[in-house]
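Trainee: Residue 87 in this note's numbering sits at position 72 of the sequence shown; the count goes up by one each step and never skips.
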Amino acid sequence: MKDIQIRALSGSLYAGVLMGAIFLSPIAITAVVLLFSGLALWEFQRLIQFKSFIPILTLVLLSVYATLGFVSTFTEDILVYSALTINLVLVAMLFNSKKIKYSYPVQFVLSMGYIVLSSYFITRTAFDGLAYEPWILALLYIAIWANNSFAYLFGSKFGKHKLLPAISPKKSWEGFFGGMIATILVTYFIELKMHIFDSNLWILFAILIPVLATLGDFVQSYFKRVAKVKDSGSLIPGHGGFYDRMDSVIFVAPFYYLLLKFI
16 MKDIQIRALS GSLYAGVLMG AIFLSPIAIT AVVLLFSGLA LWEFQRLIQF
66 KSFIPILTLV LLSVYATLGF VSTFTEDILV YSALTINLVL VAMLFNSKKI
116 KYSYPVQFVL SMGYIVLSSY FITRTAFDGL AYEPWILALL YIAIWANNSF
166 AYLFGSKFGK HKLLPAISPK KSWEGFFGGM IATILVTYFI ELKMHIFDSN
216 LWILFAILIP VLATLGDFVQ SYFKRVAKVK DSGSLIPGHG GFYDRMDSVI
266 FVAPFYYLLL KFI
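Here you go:
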């Protein structure tokens, strides 16, 4: 019971800090996401045994430059397609029986392309040029939290058919569809009030989130299995580390950015 209370308290604090920063100011949320994703990056680099300050410096510079409006649309297009390519390669890796072999180039590309670039697009989803739309980013987090929470609840109660047992034995199809139903309902009610999307594109968003969030979780589970650890860290009591909390949003962010770009 005590563990559940600790988990609920730390999870609520984590969510509260993010939501508070989102609606406080663009500088506040950029700083908070930079801090959280920087810690996730540090944990990830420990998982893959990579020691370098270049990724975190790149993440800081990108975040600062983007906040000041110094990153061009052309540059962001290159960055988002690079992030998407690497994320799709990571998905393909899930179905390869051979374990990844770490070398400096592989470690560098994983840190920069997977964590740094994808993390950069978390806050960029809320910007149209220099105009800031907090509900666009709030929806991303709320939808992912709804999906993950209800996928866990449905999976624990009804889960019988495993999704990808070799990577994450506890995830089930029942949990996946339970999370999707919750995501659709949450997105519908937020869209009803805030009108974030044109036409009925909220439906596409609500269907994509469970798919992409689950893939992001599988990718993280893969790296943890290779490293033979249960959690990426212990900075968030009851939840593990920041990478454990951010795996879904890191993976989803560049896809969400691209979806918003074309609506």
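Where a beta carbon is used, it is the ideal one built from N, C-alpha and C, also for glycine.
Report the CB separation of residue 192 from residue 229 in whole angstroms; it is logged as a contact under 8 Å.
Mentor: The pair is not a contact, with the Cβ atoms about 11 Å apart (cut-off 8 Å).
Trainee: When burial is assigned at 16 or more other CB atoms within 10 Å of the CB, is residue 53 buried or exposed?
Mentor: Counting Cβ neighbours within 10 Å, residue 53 comes out buried, since at least 16 surround it.
Trainee: Near residue 63, what residues of its chain come up, given a Cβ to Cβ distance below 7 Å and the 5 sequence neighbours on each side ignored?
Mentor: 117, 122, 125 and 238.
Trainee: Do residue 231 and residue 201 have their beta-carbon atoms positioned less than 8 Å apart in this structure?
Mentor: No, the Cβ-Cβ distance between residue 201 and residue 231 is not below 8 Å.
Trainee: For the region 40-122, list the alpha helix (DSSP H) runs that are entirely contained and at least 4 residues long, ordered along the chain.
Mentor: Listed in chain order, they are 41-62, 69-82 and 88-109.
Trainee: Looking only at C-alpha atoms, which of 206, 172, 95 and 99 sits nearest to residue 150?
Mentor: Closest option to residue 150, Cα to Cα, is 206.
Trainee: Using the Cα positions of residue 107 and residue 217, report the straight-line distance between them to the nearest angstrom.
Mentor: Roughly 27 Å between the two C-alpha positions.
Trainee: How long is the line joining the alpha carbons of residue 44 and residue 245, rounded to whole angstroms?
Mentor: Distance between the alpha carbons of residue 44 and residue 245: 29 Å.
Trainee: Do residue 74 and residue 49 have their C-beta atoms closer together than 8 Å?
Mentor: Yes; because the gap between Cβ atoms is below 8 Å, this pair is in contact.
Trainee: Measuring straight from C-alpha to C-alpha, what distance separates residue 179 and residue 186?
Mentor: Between residue 179 and residue 186, the C-alpha separation is close to 7 Å.
Trainee: Please state the DSSP three-state secondary structure of residue 276.
Mentor: DSSP places residue 276 in helix when its eight states are reduced to three.
Trainee: Keeping to the same chain, check which residues put their C-beta closer than 7 Å to that of residue 105; ignore five residues upstream and five downstream.
Mentor: Around residue 105: 129 and 234.
Trainee: Does the region 134-147 come close enough to the region 88-101 to have 3 or more Cβ pairs within less than 8 Å?
Mentor: With the cut-off at 8 Å, the region 134-147 and the region 88-101 touch.
Trainee: In terms of alpha-carbon separation, which member of 258, 252, 236 and 272 lies closest to residue 20?
Mentor: Checking every option, the nearest Cα to that of residue 20 belongs to 252.
Trainee: Within the region 200-255, note down every full beta strand (DSSP E) run reaching 3 residues or more, in order along the chain.
Mentor: Runs found: none.
Trainee: What would DSSP say about residue 175, mapped onto helix, strand or coil?
Mentor: Residue 175: coil per DSSP, three-state reduction.
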